[in-house]
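Peer 1: Take this structure first; my questions come after.
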Amino acid sequence: MYFFTYIIYSKDLNKYYVGYTENIEVRMKQHNTGISTFTAKATDWTLMFQEAFLTRQEAQHRESEIKKKKSRKYIEWLINRSS
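So my numbering is basically just the index in the sequence shown, starting at one, shifted up by 2.
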């Protein structure tokens, strides 16, 4: 089983969201149906980036690493690098 760090984007809000999960498909449904508090403001979230890890701790660490940078440019660089 893998764990994922991911970045999603809402065009309506022009915002990115960084998170981690065990199941990206289920998590995307949660984001787009208002179950997740922050992302409930929009229903057009699109998966832009994902990285797979063997442990939950690694995925959480990567999520924290990305969030600590507080940089939209860094997030967009990650997305462009993976395309």
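Note that CB positions come from ideal geometry on N, CA and C, so glycine has one too.
1. DSSP has LEU49 in a bridge; who is on the other side?
2. Per DSSP, GLY21 forms a beta bridge with which residues?
3. Measure the beta-carbon distance from GLU24 to MET3 and round it to whole angstroms, keeping in mind my assumption that it falls under 8 Å.
4. Quick one: is TRP47 buried, meaning 16 or more other Cβ sit within 10 Å of its Cβ, or exposed?
5. CA-CA distance, SER84 and THR35?
6. May I have the straight-line CA-CA distance separating HIS33 from ILE81, to the nearest angstrom?
7. Can you look up PHE61 in the DSSP assignment and give me helix, strand or coil?
Peer 2: Reading from the atomic positions:
1. Numbered from its first residue, the sequence shown carries residue 49 at position 47. ILE10, per the DSSP bridge assignment.
2. As a first step, residue 21 is located in the sequence shown; it is residue number 19 there, counting from the start. Assignment of beta-bridge partners to GLY21 by DSSP yields TYR8.
3. Numbered from 1 along the sequence shown, position 22 holds the residue referred to as residue 24. Numbered from 1 along the sequence shown, position 1 holds the residue referred to as residue 3. Yes, GLU24 and MET3 are in contact; Cβ-Cβ is about 7 Å, under 8 Å.
4. Taking the sequence shown and counting its residues from 1, the one referred to as residue 47 is at position 45. By the 10 Å Cβ count, TRP47 comes out buried.
5. Reading the sequence shown from its first residue, position 82 is the one you call residue 84. Reading the sequence shown from its first residue, position 33 is the one you call residue 35. As the crow flies, the alpha-carbon of SER84 is around 27 Å from that of THR35.
6. Counting from 1 along the sequence shown, the entry for residue 33 is found at position 31. Counting from 1 along the sequence shown, the entry for residue 81 is found at position 79. Near 19 Å, if we compare the C-alpha coordinates of ILE81 and HIS33.
7. As a position in the sequence shown, residue 61 is number 59, starting the count at 1. For the sequence presented, residue 61 should be read as Ala rather than Phe. Judged by DSSP in its simplified three-state form, ALA61 adopts helix.
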